[in-house]
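These notes concern the structure reproduced below.
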Amino acid sequence: MKKTKVIAFANNKGGSGKSTTCSNVGYGLGTLGKKVLLIDGDMQLNLSLAFFGEDEVLEMAQGEKNLYCAIRKQEDLTDYIRKTEYENVDLIPSSTLMSGIEYELFTKWQREFILKKCLQGIKNAGIYDYILIDAPPTLGGWVMNIMCASDYLIIPVEASPWGLFGLANMFEFVQTVKQIAPELEIMGIAITKVDERKNYFKQTLETLSELEDTYVFKNYIRVDSSIEWAQDNSKPVVAFKKSSRSAKEYMELAKEVDLNGSR
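Mapping of the sequence shown onto numbering that gives the first Met the number 0: residues 0 to 262, in sequence order.
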């Protein structure tokens, strides 16, 4: 039986490439032969849109088999899994109603661990090698729920003048979470939207290299129009255009994540 590793992708700053990184690392791990379950924890539905068309995503978001319904009912997530068109990759879709999840959690007993409890059946079954969770760009009770359910945290950071803004708050929040979930580890920081012609990347890399006890993934993701085209076609870029620069970079990042997750 497989020991399932749960990885959250989170950053309180929007535009960091969080959903794109989660979807492509997930697909990449699937092509490496790993069984992967993706969980869309964000009301923006971007992770769901990376694998299903807009009409189907809206149908799932408005139905009874999405993450919001499961959390509200505190049910086992096994019955909420959707098959994607890709081998080894499944998904639990989100809902626009996730915007009200903080209110739903407020009065619940041990509310920080509800997602963890809902995931327990899937983890115990040993079906998946990895469960990847896309968190919304906020810091609050729901993101705390996601982190409490996770073994590792990956923080995508945009290589831009404002890309590092708020990162200190993120680290402080993680330390707060670790008071009730001490097993949570930061697997690393993934640098995205890199334009090597600009000094922003060098500044970002220099700043991140000064962080103590925080791994920075060696494989970073450069700016590539193929990513936008893939999103427009509701596909991960690794599946949409395997020969593209970003697809190759995401595959290398997936290998690096797998290596770190196997330790």
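C-beta: ideal position from N, C-alpha, C; glycine also.
Distance between beta carbons of residue j and residue i, contact taken as under 8 Å
i, j, result
"residue 233", "residue 48", "6 Å"
"residue 117", "residue 163", "Not really, about 33 Å apart at Cβ, beyond 8 Å."
"residue 121", "residue 147", "Between residue 147 and residue 121 the Cβ distance is about 16 Å, and since that is not below 8 Å, they are no contact."
"residue 173", "residue 15", "With a Cβ gap of about 15 Å, residue 173 and residue 15 do not count as contacting."
"residue 132", "residue 8", "7 Å"
For residue i: DSSP bridge partner residues
i, result
"residue 152", "7, 185"
"residue 221", "193"
"residue 176", "Answer is none; residue 176 lacks a bridge partner."
"residue 215", "188"
Contact set for residue i: own chain, Cβ-Cβ below 8 Å, skip 5 residues either direction
i, result
"residue 137", "11"
"residue 214", "185, 186, 187, 188, 259"
"residue 97", "40, 41, 42, 66, 67, 135, 141"
Other residues of its chain near residue i: CB distance less than 7 Å, five sequence neighbours each side excluded
i, result
"residue 107", "113"
"residue 238", "26, 85"
"residue 69", "76, 79, 117"
"residue 33", "87, 128, 129, 257"
"residue 263", "Lying outside 0 to 262, the shown extent of the chain, residue 263 is not represented and no answer is given."
"residue 251", "218"
Simplified DSSP state of residue i, which is helix, strand or coil
i, result
"residue 262", "coil"
"residue 133", "strand"
"residue 157", "strand"
"residue 145", "helix"
"residue 257", "helix"
"residue 164", "coil"
"residue 226", "helix"
"residue 248", "helix"
"residue 207", "helix"
"residue 240", "coil"
"residue 234", "coil"
"residue 125", "coil"
Sequence-distant residues of its chain with Cβ nearer than 6 Å to residue i (five each side left out)
i, result
"residue 100", "141"
"residue 135", "41"
"residue 45", "18"
Complete beta strand (DSSP E) runs within the segment 2-71 (minimum length 3 residues, chain order) | Correct list: 4-8, 35-39.
Quick one: which unbroken alpha helix (DSSP H) runs of 4-plus residues sit fully inside the segment 77-121? Chain order, please.
-> Whole alpha helix (DSSP H) segments, 4+ residues: 100-105.
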